[in-house]
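2 protein chains.
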Amino acid sequence: MLTRTPRSSSDKNSLLARGVMLWRCIADEYEQTILVGKYENGAKLPPESEIAARYGVNRHTVRRAIAELGARGLVRTERGSGTYVKTDKLDYRIGQRTRFSEIVAAAGHEAEGRLQGHRHEPASEEIAARLGLKAGADVVRLEILRAADRVPISVATTWLSAQRYPDAAKIFRQLRSITRTLDRYGITGYARKWTRISAGFTDAVDAGRLRLSVHRPILVVESLDVAADGEPILTSRGRFAADRVALIVES
Amino acid sequence: MLTRTPRSSSDKNSLLARGVMLWRCIADEYEQTILVGKYENGAKLPPESEIAARYGVNRHTVRRAIAELGARGLVRTERGSGTYVKTDKLDYRIGQRTRFSEIVAAAGHEAEGRLQGHRHEPASEEIAARLGLKAGADVVRLEILRAADRVPISVATTWLSAQRYPDAAKIFRQLRSITRTLDRYGITGYARKWTRISAGFTDAVDAGRLRLSVHRPILVVESLDVAADGEPILTSRGRFAADRVALIVES
DNA sequence: CCAAGTTGTCTAGTTCAATAGACAAGTGAT
DNA sequence: ATCACTTGTCTATTGAACTAGACAACTTGG
């Protein structure tokens, strides 16, 4: 061991970043070791008391760090038993009938969709072309955060014609589902026409919303959904947490 | 503006990262804008009260953020006048006579060297070859943090023969200078024999010591110093904060 | 010199991170 | 069934972050 000059160097001090809370440092430390593959899926973390002792920290502080890991979808805790690593990913099947809530429910999880923001804006050329509108036409823009079992899965920016669906935001905020929102407008069956998948990294905003660090990988999914008669309904640009989702494409 | 669902979204909320203090977020924000070149050297920051208003935050919080920027060597504050950006770098001339304290003093700053850690260890083949020892020979290893005007400039790992300089660590801790430490052993004139410069990025440990973010650029300086008779004395591996230092090589 | 503007310092109060200890509730193996 | 072990919850305390307001000390330009 290196002998350190400043003071008694418990493992606690080696973590301490100025202005960053202790529990956050511990959570980040464990996230690294988990993401780097040191723990297999389902592996058990050391008991809280042991982690606390190792870092020279109170058990409550460790509990808070673990709660953060849970919110990030990295671990699951079982009372009386222990804390277990979750590195398996949600299989997200992309096909003609792609409905977030159905996919998540089929996997045995609780789906949730929250409207983070919305506005009316003139359509860019790109968006207008997708929706079959003139460039500059009024469109509704929705920012939607989707989660499975309270763990954020994706953030999506969705555009719809403001003329046809003027109150889409208000209705979505109540019903929390695109499918049910369109149902209000009499659209009963809509289908995915095309999907474009690329990759990138989280920026500060998406990282916050998805409870990820900055510079984590994301899957960027652009898509167009059309009505039964082929008329464009909505187009979307979703950013999926690649640490938590795998996209399955039918072939 | 996007209408946000959760709550009133002042600019303050857009910064808030869970587990990170407000002042730290503000400091990081300003560090980014400074490092990205938005401010010229010597440019004046907005007054504290204006920054506070902009973020919807108390002035004391802003003061703390600015103090952090000062500690990182990015700004200098002048009472009654304002806060000014410092992006100029310390010119660090590398020659036969390379003495940290002399270089810093010549630039009109206050030099400081602190021993962060030390130990005896067997020399690696590389280190042994440099020092003219057998591989595995006992060497003293020092971890030294150097600063100019309290701003960290470099961290260096230095190796000396443990047989010849057994108490190097103890003496350095008192005298805080390699030159004066060697003087105790009767070495009055020593000279740089070779210097090897490469580049890299901060790891978590060096970032903390140098008060830098992780993944900031560093200059890696490996070197060998010899006595007047050509006998190897010490070899070193320094990591210099590239944001704060420019190396000047005589030709 | 004067006045406006800016940084430095002080006091006071609220909120929350972290510590400390104790006990309840649940699990798993003997 | 019992016992050791683990997670969940509760209370209480300390210290730091952040807010709020006021005033002193200093700089700059007119």
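Note that the protein sequences, when read in sequence, are chains A and B.
Counting from 5, one number per residue, gives the positions in the first sequence under the numbering used here.
Counting from 5, one number per residue, gives the positions in the second sequence under the numbering used here.
Beta carbons: idealized from backbone N, C-alpha and C, even for Gly.
Coarse secondary structure for residue i, derived from DSSP in three states
i, result
"Q78/A", "Reading the sequence as shown, one finds Leu at residue 78/A and not Gln. DSSP places L78/A in coil when its eight states are reduced to three."
"Q167/A", "coil"
"S12/A", "Reliability of the predicted coordinates at S12/A is poor, the pLDDT of 32 falling under 50, and no value is obtained from them."
"L216/B", "coil"
"Y34/B", "helix"
"R4/A", "Because residue 4/A is not part of the residues shown, which for chain A are 5 to 255, the question remains open."
"K93/A", "coil"
"I191/A", "coil"
"S202/A", "strand"
"A151/A", "strand"
"E116/A", "strand"
"L228/B", "strand"
"D247/A", "coil"
"T7/A", "Note on T7/A: pLDDT 31, under 50, position unreliable in the model; the coordinate value appears next. T7/A falls in the strand class under three-state DSSP."
"A160/B", "strand"
"L223/B", "strand"
"S240/A", "strand"
"G23/A", "coil"
"L179/A", "helix"
"K48/A", "strand"
"V253/A", "strand"
"R123/A", "strand"
CB contact check: residue i to chain A, cutoff 9 Å
i, result
"R220/B", "no"
"V155/B", "no"
"V24/B", "yes"
"E72/B", "yes"
"A172/B", "no"
Same chain only: Cβ atoms within 7 Å of residue i, ignoring 5 sequence neighbours per side
i, result
"Q167/B", "D142"
"A231/A", "I191, Y194, I237"
Cα-Cα separation, residue i to residue j
i, j, result
"I191/B", "Q100/B", "16 Å"
"I201/A", "I107/B", "54 Å"
"N62/A", "R68/A", "10 Å"
"H219/B", "L39/B", "13 Å"
"R177/B", "L223/B", "25 Å"
"T87/A", "R196/B", "55 Å"
"V155/A", "R80/B", "43 Å"
"R184/A", "E33/B", "41 Å"
"A75/A", "R215/A", "8 Å"
"R134/A", "S105/A", "24 Å"
"E226/B", "D247/A", "39 Å"
"L20/B", "A56/A", "27 Å"
"I70/B", "E52/B", "9 Å"
"K138/A", "R188/A", "25 Å"
"I98/B", "E54/B", "43 Å"
"D210/A", "E235/A", "31 Å"
"A250/A", "E114/A", "18 Å"
"L73/B", "A245/B", "15 Å"
Residues near residue i by beta carbon distance below 6 Å, same chain, minus five either side
i, result
"T65/B", "L26, W27"
"W163/A", "I131, V143, R145, T239"
"H122/B", "L146, A173"
Cutoff 9 Å: residue i Cβ touching any chain B Cβ
i, result
"A31/A", "yes"
"W163/A", "no"
"R58/A", "no"
"L6/A", "Bear in mind that a pLDDT of 33 at L6/A, under 50, signals an unreliable position, so the number given afterwards is only what the model happens to contain. Answer yes: the Cβ-Cβ gap between L6/A and chain B drops below 9 Å somewhere."
"A127/A", "no"
"A115/A", "no"
"W27/A", "yes"
"A21/A", "yes"
"G212/A", "yes"
Buried versus exposed, by CB contacts within 10 Å (16 or more), residue i
i, result
"T37/A", "exposed"
"E147/B", "buried"
"P221/B", "exposed"
"R83/B", "exposed"
"D229/A", "buried"
"K174/B", "exposed"
"E35/B", "buried"
"I127/B", "In the sequence as displayed, the identity of residue 127/B is Ala instead of Ile. A127/B comes out buried."
"R243/B", "buried"
"S85/A", "exposed"
"K42/B", "exposed"
"A109/A", "exposed"
Any non-hydrogen atom of the ligand MG closer than 8 Å to residue i Cβ
i, result
"E82/B", "Annotation note on the ligand MG: not contained in the displayed structure, which lists no ligands."
Contact set for residue i: own chain, Cβ-Cβ below 8 Å, skip 5 residues either direction
i, result
"R213/A", "Q120, L149, P156, V159"
"F205/A", "V218, H219, R220, P221, I222"
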